[in-house]
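One structure is given here, and the rest of the page talks about it.
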Ligand SMILES: Cc1ncc(COP(=O)(O)O)c(C=O)c1O
């Protein structure tokens, strides 16, 4: 079955829902049983039946089944946000006394989890250069239990040599987990590259319409129970409405992502030719330092990239950004709409030094016509020049 067909078919069981194409939004906390025998029997299959709202409804299960199929995983666990997905994956693989390796380019709240939550429980974290590749071996300690990955990195967009890192991890029996939100399972299948736990902030491209918070962790069968127990202990259960929106988003993921990719490439290449721009950080561009790795391992690029401007004053950046017509100033991404956001990782990076010629902006390129987006940005640069 080809990917586009799997996207449309996975997790669909009309026969269970009076022939309705989509599963209904089951609103349920309590699930009642008809007899004590049935009650006891169901409790032997706690994670595989419908037992209680927090453990998942049929809508949750349909979403999990679809994502697992897309990821090439045996199972998936839906949680209430992308960050809950990172947390559930990480907590399922580390315990007090362990050592945890995190790329310096990781989504910043993962660092906060490590510093504010894991540290007091006795987990020590080392941040590493995302370009380390097989050199990760030098950072491994006898108590290293998990290596975290994210490619490309949040904001700064560095690619990682994922198979080189997972090969080292596997040799030593260390687990690996990845934040796969940028690529989605459509453009990168982490489990095929030796990663144990793949996290998607479904809030972004899977939901795809900026209207729900949702996360999902995918894994081989033997890791499922630990992640499920962890997510359950965290009390992280997504609402059925959110799972429904995630499932609905998945059905159109292939067409949406192809358009995000085409639009983003157009706009990124346009940025590259602008005198106001110092560098565009987007692994799909042939001169990006991560391009070779991206081309080797990924099947496509989504619509998120970053731009380092030439030196400019805050008032000039504001003149550009404040009056953009099609780019909302907002965190998050992955919806149908374009967004812009300033960033500066100098304050939190510890393993590598972040140097940028000028102010940095992250762009999410939506499904608008790229000609309109480029005209909007062109007018923005004009305002920026005038404000200087
Ligand atoms: C790369 C990445 N991972 C995870 C998350 C967290 O997702 P959520 O906001 O659903 O918790 C985000 C959100 O911005 C993100 O950009």
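In this note's numbering, the protein residues as written are 71 to 458. Every residue, glycine too, gets a C-beta built ideally from N, C-alpha and C.
Chain B contact for residue i (CB, 8 Å cutoff)
i           : result
residue 453 : Reference to chain B is not applicable here, since this structure consists of a single protein chain.
Contact under 8 Å by Cβ, residue i with residue j
i           : j           : result
residue 160 : residue 247 : yes
residue 408 : residue 444 : no
residue 437 : residue 330 : yes
residue 236 : residue 171 : no
residue 169 : residue 211 : yes
residue 399 : residue 77  : no
residue 90  : residue 306 : no
residue 203 : residue 234 : yes
residue 272 : residue 142 : no
residue 117 : residue 298 : yes
residue 256 : residue 363 : no
residue 223 : residue 190 : no
residue 184 : residue 368 : no
residue 180 : residue 156 : yes
residue 174 : residue 366 : no
residue 105 : residue 274 : no
residue 93  : residue 154 : no
residue 294 : residue 144 : yes
Residue range of the unbroken beta strand (DSSP E) whose run includes residue i
i           : result
residue 49  : Residue 49 lies beyond the range of the chain shown here (71 to 458); nothing can be said about it.
residue 378 : 374-379
residue 287 : 285-289
residue 148 : 145-149
residue 412 : 409-413
residue 74  : Per DSSP, residue 74 belongs to no beta strand (DSSP E); it is in the alpha helix (DSSP H), 73-79.
residue 190 : Counting along the chain, residue 190 falls outside any beta strand (DSSP E), and DSSP gives it neither H nor E.
Neighbourhood of residue i by C-beta distance below 7 Å, restricted to the same chain and skipping five residues each side
i           : result
residue 308 : 130, 148, 149, 150, 284
residue 207 : 238
residue 442 : 396
residue 119 : 112
residue 250 : 258, 260, 268, 269, 270
residue 98  : 123, 127
residue 87  : 93, 94
First and last residue of the uninterrupted alpha helix (DSSP H) at residue i
i           : result
residue 333 : 323-342
residue 249 : From DSSP, residue 249 is part of no alpha helix (DSSP H) but of the beta strand (DSSP E) over 245-249.
residue 29  : Examination of residue 29 is not possible in this model, given that the chain is present from 71 through 458 alone.
residue 430 : Careful: residue 430 lies outside any alpha helix (DSSP H), inside the beta strand (DSSP E) at 430-434.
residue 361 : 361-367
residue 400 : Where residue 400 is concerned, there is no enclosing alpha helix (DSSP H), given that its DSSP letter is neither H nor E.
residue 111 : 106-112
residue 255 : 254-257
residue 454 : 440-457
residue 133 : 128-141
residue 161 : 152-161
Beta-carbon proximity list for residue i, same chain, < 6 Å, skipping 5 on both sides
i           : result
residue 239 : 217, 246
residue 446 : 394, 395, 396
residue 371 : 331, 354
residue 458 : 386
residue 488 : Beyond the ends of the chain as shown, which are 71 and 458, falls residue 488; an answer cannot be given.
residue 103 : 109
residue 416 : 424
residue 282 : 312, 315
Which listed residue (the options) has its alpha carbon closest to that of residue i
i           : options            : result
residue 389 : 456, 337, 361      : 456
residue 197 : 190, 178, 282      : 178
residue 310 : 96, 204, 145       : 96
residue 51  : 440, 368, 396, 256 : Nothing can be reported for residue 51: it is not among the residues displayed for the chain, which extend from 71 to 458.
residue 123 : 173, 182, 302, 74  : 302
residue 146 : 154, 155, 134      : 134
residue 373 : 325, 107, 88, 265  : 325
residue 265 : 282, 241, 274      : 241
residue 100 : 125, 94, 106       : 125
residue 165 : 195, 292, 182      : 195
residue 75  : 392, 341, 321      : 321
Sequence-distant residues of the same chain with beta carbon closer than 8 Å to residue i, five excluded per side
i           : result
residue 376 : 225, 226, 227, 350, 351, 352, 413, 430, 431, 432, 433
Is the stretch 422-435 touching the stretch 297-317, taking contact as three or more C-beta pairs under 8 Å?
Taking 8 Å as the limit for Cβ pairs, the verdict is that the stretch 297-317 does not touch the stretch 422-435.
Cβ pair count under 8 Å reaching 3, the stretch 448-455 against the stretch 224-237
Using a Cβ-Cβ distance cut-off of 8 Å, the stretch 448-455 and the stretch 224-237 are not in contact, since fewer than three pairs of beta carbons, one from each stretch, lie closer than that value.
Counting pairs of Cβ atoms below 8 Å between the stretch 137-152 and the stretch 286-295, do you hit three or more?
By the Cβ rule, the stretch 137-152 counts as touching the stretch 286-295, because three or more pairs are nearer than 8 Å.
Does the contact criterion of 3 or more C-beta pairs under 8 Å hold for the stretch 369-385 versus the stretch 337-354?
The stretch 369-385 is in contact with the stretch 337-354.
Would the stretch 264-282 and the stretch 400-415 be scored as touching if the rule is three or more Cβ pairs under 8 Å?
Judged by Cβ distances under 8 Å, the stretch 264-282 makes contact with the stretch 400-415, as three or more pairs qualify.
Is there contact here, the stretch 76-84 with the stretch 260-268, by at least three beta-carbon pairs under 8 Å?
Taking a cut-off of 8 Å for Cβ pairs, the stretch 76-84 and the stretch 260-268 do not touch, as fewer than three such pairs fall below it.
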